[in-house]
Every structure is written in structure tokens, then in C-alpha cells.
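Everything below concerns the one structure shown next.
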Amino acid sequence: MNDRPAALAGPPTGPLAGWRVLVPRPVAGSSPAAVALAAVGAEAVLVPLVATVPPDDVTALDDTLLALGAGWYGWLAVTSAAAVTVLEARAAAGGTTLATLVATGGVTVAAVGPGTARALREAGVEVQLVPRGESTAAALVSAWPAPDARPRVLFPRGDLAAPTFADGLRARGWRVDDVVAYRTVPAPPPPEDVRAAWSSGEIRAALLTSASTVRELHDRLGTPPARTLLVAIGPTTAAEAARLGLPLAGIAATQTMAGLVAALVDAAAVAEGRTAPAADTTGEATDGATDDRVARSAVTGSGDAASPPGAAPPQPRAGGTFVSPAATPSVPQQPGAPGPEEIA
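So the sequence shown is residues 1 to 344, counted in UniProt numbering.
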């Protein structure tokens, strides 16, 4: 589905004017990716490649939520907004709310990044810990304090989550109960018109938002023409693209949708021999796993000229500096503070 916000109607302008960019996102609801891309003149082609569904058996998850409310856990670690959605649903099925369980259990809450923290706050849950800098499992482990009098951590995760976080905390002396909160499954096949536009190079770029979306893009659409630029949201996603032989034109310097779009602008400038324009933002951006609110990035620069067919993409490089109105703190997390996040 093509998505250009009505507020930005009219002839597209900006460094990516006329570009069509594939975004592996559901088409329902508002799309911050479409807003961010339209701000630089591009049109978002929204194509869901993966979907999240509940586990086949929710008994273990429900039991751990009961234990959470009873004070069994000292900490709750959340690494995606998808997990927040599931936790809210299971709490509601039990006649309560996630916020109530956290409050009655006296639980300290950590989020991998500001997008997840925002989802928790919108659920009424106060967040005490968000890592500074990269929003990855390793960064969250590094930001975690030493074990205290309540050393048990509940970690509701996706079925594809790497053991980095749980193993990292265990190595530091914490007792981690990791329970599958949701499964990542392939979405229905992309429409024929999308497959044709991909093969022909009409789609000029794709935003790679997770390792699972990289795998599905590779399996369903294949390697794109040389003129199509691929930009990854972070190192885990980039590593999966490299493993599958997909050439990257850039890696976002900050793991947000705004940072990802800014990295694409940078990569396009390099591919076309232009000087990369500076990025600016006036709001908060979404992470790579959720379609929350996104900054309306005003990216200035020269108009876009299409690169010649068959032109080789540039070598991977970190780019797309996200100029935020406030630095991302570690502890405590300030409401509304922007920052990077990657969920693979």
C-alpha cells in the first residue's frame, strides 16, 4: 500500500523527491514511517513482512504475570512494544492491568529503548531504566545495576530473541525467568504489484527494521536491483543482511525511524555524488519495532536525481545523525526523551 500523509499533499519536494521506499510495516492505522519519508519527498510503500501472534500456550506467561503482581520479581525487563501489547492483553484477561501488577508487586521496570519505554508509559507503567546510547540487548545488560535484595527478573520475550540479554544478566548474578510472550511469523505474501516494482527497481530503497524482516524480504522478494538502496536500523539487522548477501547502503546512527530515514538520505547522497544534507527533527521518533509517533524530520538538501540503472550501491556506512531536542538519559528515563532502539 502506498501511503503519503494528507497533511503533506502536493508535489513532493526534498532530497528523496519521487522515490518509492519499501517499509515493512502494517498498512492499518497511521504510519510514522510515511510521515518521516514524506518529509523528505519520498513515498512509503507499506508492506508487512512479519506479524506477531500470541504463543500457542499462554499458561506460562499468565503464571509469571500472577507472580509479578505477588512480588516474586524485583524487575521487569521489556525489549519491545510488541511485548507490552501482549502483557496488557494477558493482564486484562486476568481481570487486571499491567500497571496494577507492577505497582502491587513493587517491581522496577527496564526498557531497551525509548520506543518501548513510551509504550510502557502509555500503559500506565513507570519506567526506571533505559540504556544510554544504542538500544540493544547488550546495552541494556551494560546499564543494569548489580544484583540487589530482589534478584529475580521477569523477561517476556519474542520467540526469536537471542539469548544475549538473559545470559548477560545471569552472568552478572541475576536470576532471569525468560518466557515467550509472542511469536514472530511470516505475513501474507506481498502483492504482485509490489513484487513487480521491486524487481524492476521502481522501488528505490527499503528500510530494514529487524533481522526477521530482512529474512522475509530476502525470501519473498529476493536481492534487489543494484540501484535499490537497503538501509538497516542497527547492527543486528545489518549482520543478518550481510549473512544473506544483501548489499547495504547504510546503517542508521540511531535506531529510530527518523534515524533510519536520515540514513537513507545520507546513502542516497553518497550514491548520487552529492553532499549528504544535515538532518533535523522537532519531535520524538518511533523505534524499529513499533509504529508509534515519529518525528517530522525536516531534512534539507538539493533535489534528487535518480541514479542510473545498474549503478552499484555505496559501501555500508553509519549515517543519518538524529539531532534530538534532548539527550537520551540512562537512569531515570525522562518522559518524551528521544533516542535509539533496535529490536531484531
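Backbone N, C-alpha and C fix where the C-beta goes; we use that ideal spot for every residue, glycine too.
Mind pulling the alpha helix (DSSP H) runs of 4 or more residues that sit fully within the region 105 to 152?
Restricted to the region 105 to 152, the alpha helix (DSSP H) segments that are unbroken, complete and at least 4 residues in length are 114 to 122, 137 to 143, listed in chain order.
Taking DSSP as the reference, what is the three-state secondary structure of Glu202?
Here Glu202 sits in coil by DSSP.
Do you know how far the Cα of Gly250 is from the Cα of Val40?
Across the structure, Val40 and Gly250 are spaced so that their CA atoms are roughly 17 Å apart.
Against chain B, does Ile251 count as a neighbour if the rule is that its beta carbon must be under 7 Å from one of theirs?
No chain B appears in the structure shown, which is made up of a single protein chain.
Which of the three DSSP states, helix, strand or coil, is assigned to Asp62?
When DSSP states are grouped into helix, strand and coil, Asp62 belongs to the helix group.
Give every residue of the same chain whose Cβ lies closer than 8 Å to the Cβ of Val214, excluding the five residues on either side of it in the sequence, and list them in chain order.
For Val214, where only same-chain residues beyond five positions count, the Cβ hits under 8 Å are Leu208, Ala232, Thr237, Glu240, Ala241, Leu244, Leu246.
Other residues of its chain near Asp159: CB distance less than 8 Å, five sequence neighbours each side excluded:
The beta carbon of Asp159 sits closer than 8 Å to those of Pro55, Val180, Tyr182, Arg183, Thr184, all from its chain and outside the five residues before and after it, given in chain order.
Cα-Cα separation between Ala36 and Phe165, rounded to whole angstroms:
Here the alpha carbon of Ala36 sits roughly 31 Å from the alpha carbon of Phe165.
Look at Leu49 and Pro32 and say whether their C-beta atoms are less than 7 Å apart.
Pro32 is positioned such that its CB atom lies no closer than 7 Å to that of Leu49.
Taking Val78 and Thr116 to be in contact with their CB atoms under 8 Å, please state how far apart those CB atoms are, rounded to whole angstroms.
Right, their Cβ atoms sit about 5 Å apart.
Give me, in chain order, the residues of the same chain whose beta-carbon lies closer than 6 Å to that of Pro131; leave out the 5 immediate sequence neighbours on both sides.
Cβ neighbours of Pro131 within its own chain (closer than 6 Å, five residues either side excluded): Ala139, Leu140, Ala143.
My assumption, with CB atoms under 8 Å, is that Ala206 sits in contact with Leu22. Please give the rounded CB distance.
Indeed they touch by this definition, with Cβ atoms about 4 Å apart.
Could you work out which residue in Arg175, Leu264, Ala196 is closest to Ala149 when comparing CA atoms only?
In terms of CA proximity to Ala149, Arg175 leads the group Arg175, Leu264, Ala196.
Identify every residue that forms a DSSP beta bridge with Phe155.
Paired residue(s): Asp178.
Tell me which residue opens and which closes the alpha helix (DSSP H) that Arg220 is part of.
Start and end: 211 to 220.
Going by the DSSP bridge assignment, what does Val231 pair with across the sheet?
The partner list for Val231 (beta bridge, DSSP) reads Leu207, Gly250.
Are the beta-carbon atoms of Pro190 and Arg227 separated by less than 7 Å?
Against a cut-off of 7 Å, the Cβ pair of Arg227 and Pro190 comes out as no contact.
Quick check: the Cα distance between Leu248 and Gly18, rounded to an integer number of angstroms?
Answer to the nearest angstrom: the Cα atoms are 21 Å apart.
Which same chain residues, not among the five before or five after Asp178, have their C-beta less than 6 Å away from its C-beta?
Leaving aside the five residues that flank Asp178 on each side, the residues in its chain whose CB is nearer than 6 Å to its CB run, in chain order, Phe155, Arg157, Ala166.
Burial state of Glu134 (16 or more Cβ within 10 Å):
Around the Cβ of Glu134, a 10 Å sphere holds 16 or more other Cβ atoms; the residue is buried.
Report the CB separation of Val107 from Leu76 in whole angstroms; it is logged as a contact under 8 Å.
Right, the Cβ-Cβ distance comes to about 5 Å (below 8 Å), so this counts as a contact.
Backbone secondary structure at Trp19 - three-state DSSP
Here Trp19 sits in coil by DSSP.
Going along the chain, which residues of its own chain have a beta-carbon closer than 7 Å to the beta-carbon of Leu120, five neighbours each way excluded?
Answer for Leu120: Val78, Val84, Val109, Ala111, Val127, listed in chain order.
C-alpha gap between residue 346 and Asp62, whole angstroms
This structure does not reach residue 346, given that the chain is present from 1 up to 344, and the question cannot be answered.
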